[in-house]
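Protein sequence lines, in the order shown, are assigned to chains A and B. Just so you know, the first sequence maps onto residues 113 to 535 in my numbering. Just so you know, the second sequence maps onto residues 113 to 535 in my numbering.
Protein chains: 2
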Amino acid sequence: MHILVQKYGGTSVGSVERIKNVARRIIKSKEQGYSVVVVVSAMSGETNRLLDLAHEMTPEPTRRELDMLVSTGEQVSIALLAMALQDMGHPAISMTGAQVGIRTDANFTNARIQHIDDKSMRAELAKGCIVIVAGFQGIDQGNNITTLGRGGSDTTAVALAAALKAKYCEIYTDVDGVYTADPNKVSDARLLREISYEEMLELASLGSKVLHSRSVEIAMNYNVVLHVRSSLNTTEGTLVVKEKKEMEQIRINGVTSKTDEARVTVYDLDHKPGVAAAVFGELAKQRINVDMIVQPSSTEATHTNRISFTVKKSDLKTVEGVIENLREMGAVKGKHAIDRDIAIISIVGVGMKSHTGVAAELFAILAKNKINIEMISTSEIKISCVIAEDRVLDALRGIHAGFGLDKEPEKTAPPAASARKRA
Amino acid sequence: MHILVQKYGGTSVGSVERIKNVARRIIKSKEQGYSVVVVVSAMSGETNRLLDLAHEMTPEPTRRELDMLVSTGEQVSIALLAMALQDMGHPAISMTGAQVGIRTDANFTNARIQHIDDKSMRAELAKGCIVIVAGFQGIDQGNNITTLGRGGSDTTAVALAAALKAKYCEIYTDVDGVYTADPNKVSDARLLREISYEEMLELASLGSKVLHSRSVEIAMNYNVVLHVRSSLNTTEGTLVVKEKKEMEQIRINGVTSKTDEARVTVYDLDHKPGVAAAVFGELAKQRINVDMIVQPSSTEATHTNRISFTVKKSDLKTVEGVIENLREMGAVKGKHAIDRDIAIISIVGVGMKSHTGVAAELFAILAKNKINIEMISTSEIKISCVIAEDRVLDALRGIHAGFGLDKEPEKTAPPAASARKRA
Chain A
113 MHILVQKYGG
123 TSVGSVERIK
133 NVARRIIKSK
143 EQGYSVVVVV
153 SAMSGETNRL
163 LDLAHEMTPE
173 PTRRELDMLV
183 STGEQVSIAL
193 LAMALQDMGH
203 PAISMTGAQV
213 GIRTDANFTN
223 ARIQHIDDKS
233 MRAELAKGCI
243 VIVAGFQGID
253 QGNNITTLGR
263 GGSDTTAVAL
273 AAALKAKYCE
283 IYTDVDGVYT
293 ADPNKVSDAR
303 LLREISYEEM
313 LELASLGSKV
323 LHSRSVEIAM
333 NYNVVLHVRS
343 SLNTTEGTLV
353 VKEKKEMEQI
363 RINGVTSKTD
373 EARVTVYDLD
383 HKPGVAAAVF
393 GELAKQRINV
403 DMIVQPSSTE
413 ATHTNRISFT
423 VKKSDLKTVE
433 GVIENLREMG
443 AVKGKHAIDR
453 DIAIISIVGV
463 GMKSHTGVAA
473 ELFAILAKNK
483 INIEMISTSE
493 IKISCVIAED
503 RVLDALRGIH
513 AGFGLDKEPE
523 KTAPPAASAR
533 KRA
Chain B
113 MHILVQKYGG
123 TSVGSVERIK
133 NVARRIIKSK
143 EQGYSVVVVV
153 SAMSGETNRL
163 LDLAHEMTPE
173 PTRRELDMLV
183 STGEQVSIAL
193 LAMALQDMGH
203 PAISMTGAQV
213 GIRTDANFTN
223 ARIQHIDDKS
233 MRAELAKGCI
243 VIVAGFQGID
253 QGNNITTLGR
263 GGSDTTAVAL
273 AAALKAKYCE
283 IYTDVDGVYT
293 ADPNKVSDAR
303 LLREISYEEM
313 LELASLGSKV
323 LHSRSVEIAM
333 NYNVVLHVRS
343 SLNTTEGTLV
353 VKEKKEMEQI
363 RINGVTSKTD
373 EARVTVYDLD
383 HKPGVAAAVF
393 GELAKQRINV
403 DMIVQPSSTE
413 ATHTNRISFT
423 VKKSDLKTVE
433 GVIENLREMG
443 AVKGKHAIDR
453 DIAIISIVGV
463 GMKSHTGVAA
473 ELFAILAKNK
483 INIEMISTSE
493 IKISCVIAED
503 RVLDALRGIH
513 AGFGLDKEPE
523 KTAPPAASAR
533 KRA
């Protein structure tokens with residue numbers, strides 16, 4: 113019997129009535145002949161209620177105790193969902209992360225799954241039980257409760273699907289799937305039927321909130337077929353799968369934007385080995401994620417340099433502390449500047465690997481819309497540009513229309529093997 | 113270093129501010145030189161909130177899932193209390209029942225503790241940590257979460273004290289200790305400084321709500337000194353200890369009442385062996401607790417009999433079902449009657465074992481107050497009478513005054529060894 117893993121987020125289990133709806137949907141899948149494992153989040157609002165209690169208690173709760181506290185949210189959901197299923201006549205059993213045997217490292221509030229013991233789940237599935245697993249949580253070597261950080265329930269679902277070799281991992285959410293652009297910003301955004309792990313990974317890290325990148329990484333590593341779909345209707349959503357040859361026929365699959373980053377520029381750095389390493393080494397020590405980095409060629413005359421990079425606005429205070437330290441240590445001598453009014457727009461598509469001229473086309477579209485490009489960064493399947501924050505909607509809509517993302521793509525001729533440069 | 117176990121109930125941890133107060137009290141004990149293990153209940157109202165959710169989900173939630181659900185209440189409390197202690201500069205660690213290794217049987221919602229592994233607690237105490245344990249919960253052999261039923265957090269505290277050979281187990285509550293009578297009903301009720309396990313056990317099963325009888329049983333079996341005291345002030349409360357010789361000099365230590373039982377009388381039972389066994393065997397199968405049983409001598413003429421017994425009013429529906437079944441099986445031939453308007457008043461004291469005339473004195477007090485006795489039941493240290501429910505306050509006050517319970521007892525002369533009959 114094929115195993116199906118389903119994940120329902122906090123909104124889907126946000127009330128008694130919604131939990132009953134989820135139960136009915138699970139039963140349908142069971143009746144289609146699947147063995148079903150379900151991962152659920154805390155009821156919407158519950159995690160915040162618990163965090164508020166913690167912060168009333170102390171301005172800086174320890175991370176171990178935070179995990180002990182917030183992991184109760186998912187435990188409540190699994191018990192209620194199991195009750196709903198049993199009430200509808202279907203054997204079901206709830207299991208905490210500890211009971212499943214989801215072993216993680218000890219990095220509280222942001223732990224990584226190291227191992228899953230599938231024995232207890234398989235034993236219950238063999239009895240015909242629907243297995244309901246608490247998302248977002250695990251235990252470390254010392255049996256301390258850990259949580260997996262943002263998008264943790266998705267990560268749990270994908271990891272269980274990998275451990276159980278499930279046929280699909282269905283991620284139920286409040287949108288119909290993955291779109292060519294955010295439908296709230298681009299009205300003719302189109303639902304994608306299929307997308308590769310690599311593309312999904314770029315989209316996730318570029319601000320598309322449908323899936324967290326860690327869950328996509330695990331899916332890619334273990335070849336888990338993800339199905340992102342709505343818990344509010346029965347529309348087929350988006351399949352996230354291994355890249356297929358024909359996917360390269362489509363030049364780009366989506367355009368995204370994010371406005372939660374700021375650009376930091378540090379001037380007059382010594383032009384000698386180790387300076388950039390010192391800057392980014394210190395930032396890494398403070399767990400600051402640096403997104404884009406641009407270092408223009410140095411001027412031979414001065415032997416100094418400047419570096420620009422983008423970081424989350426919420427990390428700016430820490431970043432300024434790091435720069436002050438570097439200044440005291442003598443590694444930074446000049447001034448630095450911060451620009452908060454930026455946006456990063458990106459286009460993503462595995463087709464870039466074989467189609468030429470994609471970047472040139474992007475720059476032309478932005479130029480036509482009189483949008484200035486302030487930084488550029490590229491990967492094999494992505495091009496990102498920093499632009500002024502107040503031009504982000506114009507950019508998204510211009511790019512979406514310019515690349516014809518609103519239309520089902522025509523299958524272009526298979527690219528010549530030699531045509532693998534894109535600009 | 114001596115180990116002290118403290119237990120705080122739901123009211124004591126009912127808000128962020130109250131949890132902080134509990135933390136301050138714990139720190140005081142730590143600073144007196146104790147290694148402290150603390151057991152806490154769910155914040156007041158939380159367990160009911162969770163049960164309401166369950167009953168919105170299904171009229172009959174399964175007991176395993178109920179335990180999965182309600183055990184989260186204590187988990188929230190331990191995390192918050194640990195945060196409060198850490199915030200005040202004291203190392204503390206929260207532990208669930210599973211993490212401590214509180215192994216129980218699999219009787220969900222009313223499990224019994226079978227074994228406690230003290231290793232993890234001792235390791236944390238050795239580091240100077242205050243250990244905060246979730247009350248009311250454990251795990252069975254299959255790692256399912258179980259709960260211990262009514263008074264479960266007291267049971268956890270006493271069991272931990274036994275496992276750790278603690279010097280004291282302090283039970284913090286919202287009253288100052290154990291009184292000679294319920295102070296809400298008898299205004300001059302007196303706080304007892306010391307009471308034996310046996311007396312406390314009788315008082316607990318007779319409706320005194322300060323301690324649940326199971327926790328007293330464990331304390332008695334493992335010789336754990338209980339200290340029942342208030343979490344609202346620093347008054348010394350009541351010590352519950354092993355019986356001492358001098359305790360027998362006090363005739364009675366308390367008077368209690370309960371009004372949550374009803375009397376069932378079954379008429380015209382065959383006067384032959386096995387009939388009573390059939391009746392009470394069936395009741396036991398349905399897990400009905402029968403309290404008092406009275407069977408008057410049968411009349412030789414008819415060879416039939418009647419039996420009266422008392423059960424919880426909330427069990428009456430089940431009891432009537434049992435009687436109907438027995439009627440169909442032919443074991444019960446006559447009618448039955450139910451009287452809901454009864455009260456059971458009881459006096460308790462180890463001194464009864466050596467003082468004569470206690471029962472006679474009780475009956476005289478009731479007679480003087482024109483209170484009719486409808487059933488009598490006795491044990492070595494207790495006398496209970498069924499009376500009319502509307503006379504219960506008169507009876508309590510009459511007995512309390514009649515036996516002079518409001519005054520510190522005079523030490524009477526040691527009783528003669530031969531004078532061991534009491535009525």
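Backbone N, C-alpha and C define an ideal beta-carbon position, used for all residues, glycine too. Remember, predicted model here, so these are calculated numbers, not experimental data.
Given a cut-off of 8 Å, decide if residue j and residue i are closer than it, judged by their beta-carbon atoms.
i        : j        : result
A/Ile514 : A/Ile456 : Reading the sequence as shown, one finds Gly at residue 514 of chain A and not Ile. Cβ atoms of A/Gly514 and A/Ile456: not closer than 8 Å.
A/Leu272 : A/Val149 : yes
A/Ser327 : A/Thr285 : no
A/Val322 : A/Val367 : no
B/Met155 : B/Val125 : yes
A/Asp217 : A/Asp252 : yes
A/Ala584 : A/Ile454 : Past the edges of chain A, shown from 113 to 535, lies residue 584 of chain A, and the structure says nothing about it.
B/Gln361 : B/Gly463 : yes
A/Glu314 : A/Val460 : yes
I need the boundaries of the alpha helix (DSSP H) containing residue i, first residue and last residue.
i        : result
B/Gly514 : 504-514
B/Met169 : 158-169
A/Ser232 : 231-238
A/Ser153 : Taken as a continuous stretch (DSSP letters only), A/Ser153 belongs to no alpha helix (DSSP H), as it is neither H nor E.
B/Lys397 : 387-397
B/Arg439 : 428-441
DSSP on residue i, reduced to helix/strand/coil?
i        : result
B/Phe248 : coil
A/Leu115 : Going by the sequence as given, residue 115 of chain A is Ile instead of Leu. Reduced to three states, the DSSP call for A/Ile115 is strand.
B/Ala204 : strand
B/Phe421 : strand
B/Leu351 : strand
B/Glu501 : helix
B/Val125 : coil
A/Tyr334 : helix
B/Thr490 : strand
A/Leu91  : Here chain A has residues from 113 to 535 only, and residue 91 of chain A is not among them.
A/Ala531 : Reliability of the predicted coordinates at A/Ala531 is poor, the pLDDT of 44 falling under 50, and the value obtained from them is presented with this limitation in mind. Here A/Ala531 sits in coil by DSSP.
A/Leu276 : helix
A/Pro526 : Confidence is the limiting factor: at A/Pro526 the pLDDT is only 49, short of 50, which leaves the residue's position unreliable and the question unanswerable from this model.
B/Ser147 : strand
B/Glu299 : The sequence shown places Ser at residue 299 of chain B, rather than the Glu named in the question. Of the three classes helix, strand and coil, the one that applies to B/Ser299 here is coil, per DSSP.
Between the Cα of residue i and those of the options, spot the shortest distance and give me the residue it belongs to.
i        : options                                : result
A/Ser232 : A/Ile251, A/Val212, A/Ile242, A/Asn219 : A/Val212
A/Ala507 : A/Thr174, A/Asp380, A/Ser458, A/Ile244 : A/Ser458
A/Thr268 : A/Leu304, A/Ala204, A/Ala223, A/Cys497 : A/Ala223
A/Ala331 : A/Val298, A/Ala274, A/Thr468, A/Asp300 : A/Ala274
B/Asn401 : B/Glu373, B/His383, B/Val287           : B/Glu373
A/Gly261 : A/Phe248, A/Val270, A/Gly254, A/Asp252 : A/Phe248
A/Ile225 : A/Ala443, A/Thr258, A/Ala238           : A/Thr258
B/Ser420 : B/Ile405, B/Ser426, B/Val431           : B/Ile405
B/Arg439 : B/Lys424, B/Gly463, B/Asp380           : B/Asp380
A/Ile364 : A/Leu165, A/Glu520, A/Pro171           : A/Glu520
B/Lys140 : B/His202, B/Lys424, B/Glu186           : B/His202
B/Asn481 : B/Leu505, B/Ser491, B/Glu492, B/Ile493 : B/Leu505
B/Leu82  : B/Asp288, B/Glu177, B/Met487, B/Ser265 : Look at the range of chain B in this structure, 113 to 535, and you will see that residue 82 of chain B is not part of it.
So residue i is in the beta strand (DSSP E); what residue range does that whole segment cover?
i        : result
B/Tyr309 : Careful: B/Tyr309 lies outside any beta strand (DSSP E), inside the alpha helix (DSSP H) at 309-317.
A/Gln226 : 225-228
B/Tyr280 : 280-285
B/Met539 : Absent from the structure is residue 539 of chain B, since the part of chain B shown begins at 113 and ends at 535.
B/Arg215 : 214-216
Regarding residue i and the ligand GDP, is the C-beta to nearest heavy atom distance less than 7 Å?
i        : result
A/Lys357 : The model depicted lacks the ligand GDP and carries no ligand whatsoever.
Legend entry - the region 213-232 of chain A: positions lying closer than 9 Å to chain B by Cβ: Cβ contacts with chain B: Ser232.
Inset, instruction - Determine which residues of the region 272-304 of chain A have a Cβ less than 9 Å from any Cβ of chain B, and write them out in chain order. - result: So nothing in the stretch comes that close.
Inset, instruction - Determine which residues of the region 160-177 of chain A have a Cβ less than 9 Å from any Cβ of chain B, and write them out in chain order. - result: Those residues of the region 160-177 of chain A that come within reach of chain B (Cβ to Cβ, closer than 9 Å) are Leu162, Leu165, Ala166, Glu168, Met169, Thr170, Pro171, Glu172, Pro173, Thr174, Arg176, Glu177.
Legend entry - Where the region 181-197 of chain A meets chain B: residues whose CB sits under 9 Å from a CB there: Going along the region 181-197 of chain A in chain order, one finds Leu181, Val182, Ser183, Thr184, Gly185, Gln187, Val188, Ile190, Ala191, Leu192, Leu193, Ala194, Met195, Ala196 with a Cβ nearer than 9 Å to chain B.
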